[in-house]
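Be aware that the first sequence starts at 31, since it is given in this note's numbering, and climbs by one per residue.
Think of the CB as a built atom: it goes at the ideal place given N, C-alpha and C, for glycine as much as any other residue.
If you're wondering where the values come from, they're calculated on a predicted model, not measured in any experiment.
Inspection log for the structure reproduced underneath, given as structure tokens.
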Amino acid sequence: MTKEQSMTEPQPDLTTMRHSAAHVMAAAVEHLFPGTKLGVGPAIENRFYYDMDIPGGITREDLPRIEEEMRRIAAEQHIFEREEVTIDGALERFRAAGQDFKVELLTDLRERGTTRVGSHEDVDVDPANVTSASLYRTGDFVDLCRGPHVKHSGEIGAFKLLEISGAYWRGDQRRPQLQRIYGTTWHSQEELDHYLWQIEEAEKRDHRKLGRELGLFMFHPYAPGEAFWLPKGTVLYQTLSDYMRRLLVHDGGYVEVRSPLLFNRALWETSGHWDKFRDNMFVLDVEDQQMGLKPMNCPGHMLVYGSELRSYRDLPLRIHDQSVLHRNEESGNLSGLTRVRQFCQDDAHLFVRPDQIESEISDLLRLVKQVYALFGLEYQMELSTRNPESYLGDLETWERAENNLRDALISNDIPYLVKEGDAAFYGPKIDIHVTDALGREWQCATIQLDYQLPERFDLTYVGDDQQRYRPVVIHRAIFGSFERFIAMLVEHYAGAFPFWIAPVQAVVLPIADRHTEHAQGVVHNLRDAGFRVELDVRRENLNHKIRDAQLQKIPYMLVIGDREAESGAAAVRTRAGENLGAIAVADVIQRFRSEIPGQTSEGSLQ
RNA sequence: GCCGACGUAGCUCAAUUGGCAGAGCAGCGGUUUUGUAAACCGCAGGUUAUGGGUUCGAGUCCCUUCGUCGGCUCCA
């Protein structure tokens, strides 16, 4: 585009285009499936959708027809005409048209002054306007909508319909289930193609696919939602676990415990989980008692704290625990490693005096920064504040707690978003959201302030004045769950893990049988130096072995032929395809050592 | 859990309107001793996820159960 064009013909913004495309899509569906009832159709990140009750329902095969009809409507360039009407007038029209969902939205607006349902906002009606509503007409299609829109239906860009799925009306399981059609639209065909290419690339990185190809983990129908960690995946898991243990226990002033998985119902009643979390717990009958598998470590840690008389001098007490947790997720919610029924967290509970909160939070923010930087992960911090409709405790405490968190963020120069009203009922929190290769956000790390559990378990410490005081608990996890974090790492690195966590760090490739002995020596030396090295003695040619090692994304390939056997070296190839030539084994070890964080100047392991 | 789609060899996928279940890779046996992304020949591999039904005949049509995927809801 020339500069001149961009000045005279500003392109509509993508959100407006996408929202307008949703209208055109709804119009197309109405043409093809008369009697369709419309829900809502907003623009979302990269895409748009419309929820509809379509007579007889549609399948994926119908999408090309709908797309074709959209192209026809686009070609006709119908103007998006705005019309301001009274709510009663609008009600009449949508009632007459049998648009029950629109009628409900308008009724809500009139009666409650908003169309909001919980934190989910429907965008058809401007909540600031309670006397009139705006309609948009495009050809024969009229929709309740607050706009804005592009000029005419020809301006909805280069689009494609992507996906079809179910969605409850207003996100409520008890309400009718509508069909949601997803599409995407962009300024140009090139941008559309690029987006479609991105989706394809992201699919190649899918941890479920790579997990199988790289032999990291598997699932079996007999254990839905519970991963089997295969030998290579176990190395990865264990390496991360050891790294975190070292960071916390060796360097960070934490102590580690192992605690029971199965607890009497009484514990869960005390902690409040029986009330709030029962549906997500596995409960079983043991003799004449009910026992629950733990979904979190916190109640157990309360018992550990309470098992001794604690002095103010003992605080902060930081208890780390990598125990197995179970949550009874609904079957439809299970997904690869990111939503499972059994997992471990790099969990810890910090028992602190009120005056220690801010410095503890600061330390945690630094820890998050350090760990995420090591993996090169992008993240966004979010401060969740009190939900006025659901909180325990007094306002003063809440205010102080929120200020503690905010001050810690500010003093560490960390940009953050505020999520008003998103706090847990027991205290405010900082969540850390990581963006993965699919552009999806995952909540991994979390830092939560809790004044309630110490109360429920009547935890105290003795102050310097002999009085009993109540400690504050900080729940925190840096990886979150190992399962989800590994899923993210797989997609982030596309399976090409950094050397220090790679399940196999190098493979030794003898060219012919006569090189096996020297190759075994090389393997032996490298293993002695502490590296994870395999030997490929198959009677295949070098090309074949190289290809297999590349596909397994092994960081280093060490080729042993006549020349290397003679000189006591290995010809080093990296998975990036570089051929570094023959290198003496001692120098290979040096090179490997330099790739372990903590053994270089940039160390995280010290 | 709900809506929709899917389930064929270890993996990736074929199989005409309902008419003999097939290929590549992997595996196994042989031949080849190989220099930076797939050597060659052969063999074996299946109650088409599961249980039932319709039919002369079912991978294909209908129902059940289980699982997976995309969403909704919920969340580490």
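Just the C-alpha distance for residue i and residue j, rounded to the nearest angstrom, thanks.
i    : j    : result
M100 : V54  : 6 Å
G451 : C374 : 28 Å
W259 : R605 : 24 Å
L439 : T476 : 13 Å
L394 : R621 : 33 Å
T465 : L266 : 21 Å
R577 : Q400 : 35 Å
G302 : I117 : 45 Å
E230 : S511 : 27 Å
K73  : A188 : Note on identity: in this sequence residue 73 is Ala, with Lys being the wrong assignment. Those two C-alpha atoms are separated by around 15 Å.
E151 : G201 : Residue confidence for E151 is low, a pLDDT of 44 falling below 50, so the modelled location carries little weight; the figure read from the coordinates is stated next. Distance between the alpha carbons of E151 and G201: 10 Å.
G169 : H108 : 5 Å
E513 : L367 : 5 Å
E193 : Q268 : 38 Å
F124 : Q209 : 20 Å
R396 : N442 : 8 Å
V382 : D272 : 25 Å
F529 : L565 : 17 Å
S149 : N417 : Model confidence at S149 stands at a pLDDT of 38, short of 50, so the residue's coordinates are unreliable and nothing is read from them.
E243 : Q582 : 8 Å
V492 : Q228 : 58 Å
V618 : R593 : 16 Å
T427 : Y421 : 11 Å
L489 : C328 : 13 Å
With distances taken between CB atoms, is the gap from residue i to residue j smaller than 8 Å?
i    : j    : result
K449 : E412 : yes
H237 : V520 : yes
L25  : F312 : Nothing can be reported for residue 25: it is not among the residues displayed for the chain, which extend from 31 to 636.
Q473 : I504 : no
I590 : I516 : no
V1   : G598 : Here the chain has residues from 31 to 636 only, and residue 1 is not among them.
V563 : L556 : yes
R112 : G177 : yes
V115 : A56  : no
E357 : R371 : In the sequence under discussion, the amino acid at residue 357 is Arg, which differs from the Glu named in the question. Their beta carbons are under 8 Å apart, which means R357 touches R371 by this criterion.
Is DSSP giving residue i helix, strand or coil here?
i    : result
N555 : helix
N434 : helix
I460 : strand
V502 : strand
T546 : helix
L483 : helix
I84  : coil
H447 : The identity of residue 447 in the sequence shown is Leu, whereas the question assumes His. In this structure, L447 counts as strand in the three-state DSSP scheme.
Q535 : coil
E570 : coil
Q203 : coil
W530 : coil
D281 : coil
G196 : strand
E185 : helix
G525 : coil
I626 : coil
S149 : Low per-residue confidence applies at S149: pLDDT is 38, beneath 50, and the placement is therefore not dependable, though the value from the model is reported in the following sentence. The answer is coil: DSSP assigns S149 none of H, G, I, E or B.
P72  : coil
N363 : helix
L292 : strand
Q637 : The structure shown does not extend to residue 637, since the chain is modelled only from 31 to 636, so the question has no answer here.
Y491 : strand
Y252 : coil
T269 : helix
State buried or exposed for residue i, treating a residue as buried only when at least 16 other CB atoms are found within 10 Å of its CB.
i    : result
T161 : exposed
H331 : buried
D376 : buried
G283 : exposed
W216 : buried
Y252 : exposed
Q535 : buried
Q319 : exposed
H250 : exposed
L483 : buried
**Study point:** Every unbroken beta strand (DSSP E) inside the region 393-425 [3 residues or more]
**Key:** Those beta strand (DSSP E) runs which fall completely within the region 393-425 and span 3+ residues are 409-414.
Exercise for review: Can you check the region 297-350 for any beta strand (DSSP E) of at least 3 residues that lies completely inside it and give the ranges in chain order?
Suggested key: 313-316 and 319-323
Check your understanding: In chain order, which continuous runs of the alpha helix (DSSP H) of length 4 or greater are located wholly inside the region 570-597?
Key -> 572-581 and 592-597
Check your understanding: For the region 211-236, which segments carrying the alpha helix (DSSP H) assignment without a break, of at least 4 residues, lie completely within its bounds, in sequence order?
Key -> 219-234
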